[in-house]
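*Asks:* First, the structure itself, so that you have it in front of you.
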Amino acid sequence: AQKVTQAQTEISVVEKEDVTLDCVYETRDTTYYLFWYKQPPSGELVFLIRRNSFDEQNEISGRYSWNFQKSTSSFNFTITASQVVDSAVYFCALRGTGANNLFFGTGTRLTVIP
Amino acid sequence: EAQVTQNPRYLITVTGKKLTVTCSQNMNHEYMSWYRQDPGLGLRQIYYSMNVEVTDKGDVPEGYKVSRKEKRNFPLILESPSPNQTSLYFCASWPERAGGADEQFFGPGTRLTVL
Numbered sequence: 003a004q005k006v007t008q009a010q011t012e013i014s015v016v017e018k019e020d021v022t023l024d025c026v027y028e029t030r031d032t033t034y035y036l037f038w039y040k041q042p043p044s045g046e047l048v049f050l051i052r053r054n055s056f057d058e059q060n061e062i063s064g065r066y067s068w069n070f071q072k073s074t075s076s077f078n079f080t081i082t083a084s085q086v087v088d089s090a091v092y093f094c095a096l097r098g099t100g101a102n103n104l105f106f107g108t109g110t111r112l113t114v115i116p
Numbered sequence: 770e771a772q773v774t775q776n777p778r779y780l781i782t783v784t785g786k787k788l789t790v791t792c793s794q795n796m797n798h799e800y801m802s803w804y805r806q807d808p809g810l811g812l813r814q815i816y817y818s819m820n821v822e823v824t825d826k827g828d829v830p831e832g833y834k835v836s837r838k839e840k841r842n843f844p845l846i847l848e849s850p851s852p853n854q855t856s857l858y859f860c861a862s863w864p865e866r867a868g869g870a871d872e873q874f875f876g877p878g879t880r881l882t883v884l
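Structural data, given as structure tokens:
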């Protein structure tokens, strides 16, 4: 069975603080894919990153970075020097090989206070 | 512009009145899917389609129907809506490539309220 857990329901930080959003997953597949999506207040889903299970390299894109650790089944997302525009709900998702479904976590609502 | 479109974006209806939410993609993707988003539950898949005339149930298919008569369109049909189908609905599409690594492209969402 596939499962994604985002234990942090809501997080508030003050602008310019760093914040890490946790994602823990469960899967029996040996090959799988992990995703992060952002849902701003306007409601659309914005793709942020995809990582496959064979690539444990951390990734950095501007103020965003992702830490993938297979040993702990985690794929955490860090925003450095947060900004008000980062306020959104962030979803972590998992997809197994050949699967036709994305399994989403319940999301973490991030509020950045100016 | 590559996109997934949904209509309507907002809909308020009454119990039992049949409705259809349309979804269209212009990327020639083989796969399409419908999700519903509910507070505290994330997004859950309702139905998906692998190509024209090929559809299958997702995790929460009860009360919904779909059809895929053309590659670009994947309408979601609620034959007899009930209040527990009040939700935010997303359509998604993605290409068929080996390994299933591709991201899913999402439409803008349809907020449905059933009174």
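Same order as they appear, the protein sequences are chains X and R.
Here this note's numbering runs 2 ahead of the position in the first sequence, where the first position is 1.
Here this note's numbering runs 769 ahead of the position in the second sequence, where the first position is 1.
Glycine is no exception: its CB is placed at the ideal position from the N, C-alpha and C atoms.
Please read these numbers as outputs of a predicted model, since none were measured by experiment.
Pull out every residue of the stretch 816-846 of chain R whose Cβ sits closer than 8 Å to any Cβ of chain X, in chain order.
*Replies:* The stretch 816-846 of chain R vs chain X, Cβ under 8 Å: Y817, M819, D825, G827, D828.
*Asks:* With 7 Å set as the bound, which would you pick, yes or no: does the beta-carbon of E46(X) sit closer than that to a beta-carbon of chain B?
*Replies:* Here the protein chains are X and R, and chain B is not one of them.
*Asks:* Taking T33(X) as the reference, give the member of D24(X), R53(X), V16(X) with the closest Cα.
*Replies:* Answer by Cα proximity: R53(X).
*Asks:* Report the rounded CA-to-CA distance for N69(X) versus S63(X), giving the unit in angstroms.
*Replies:* Their backbone Cα atoms lie some 12 Å apart in a straight line.
*Asks:* In terms of alpha-carbon separation, which member of E865(R), W863(R), F874(R), P850(R) lies closest to V790(R)?
*Replies:* Of E865(R), W863(R), F874(R), P850(R), the residue nearest in Cα terms is P850(R).
*Asks:* Hey, quick one: how far does the beta strand (DSSP E) through F859(R) stretch, first residue to last?
*Replies:* Per DSSP, F859(R) belongs to the beta strand (DSSP E) from 856-863.
*Asks:* Nearest to N776(R) by CA position, among T882(R), V883(R), G878(R), L884(R), is which residue?
*Replies:* It is G878(R).
*Asks:* Determine the chain R residues that contact T108(X) at a beta-carbon separation under 8 Å, and present them in chain order.
*Replies:* Within 8 Å Cβ-Cβ: G809, L810, G811.
*Asks:* Please report the residue range of the beta strand (DSSP E) in which V823(R) lies.
*Replies:* That run of the beta strand (DSSP E) goes 823-826.
*Asks:* Are F77(X) and L36(X) close, meaning C-beta to C-beta below 7 Å?
*Replies:* The answer is yes: Cβ separation under 7 Å.
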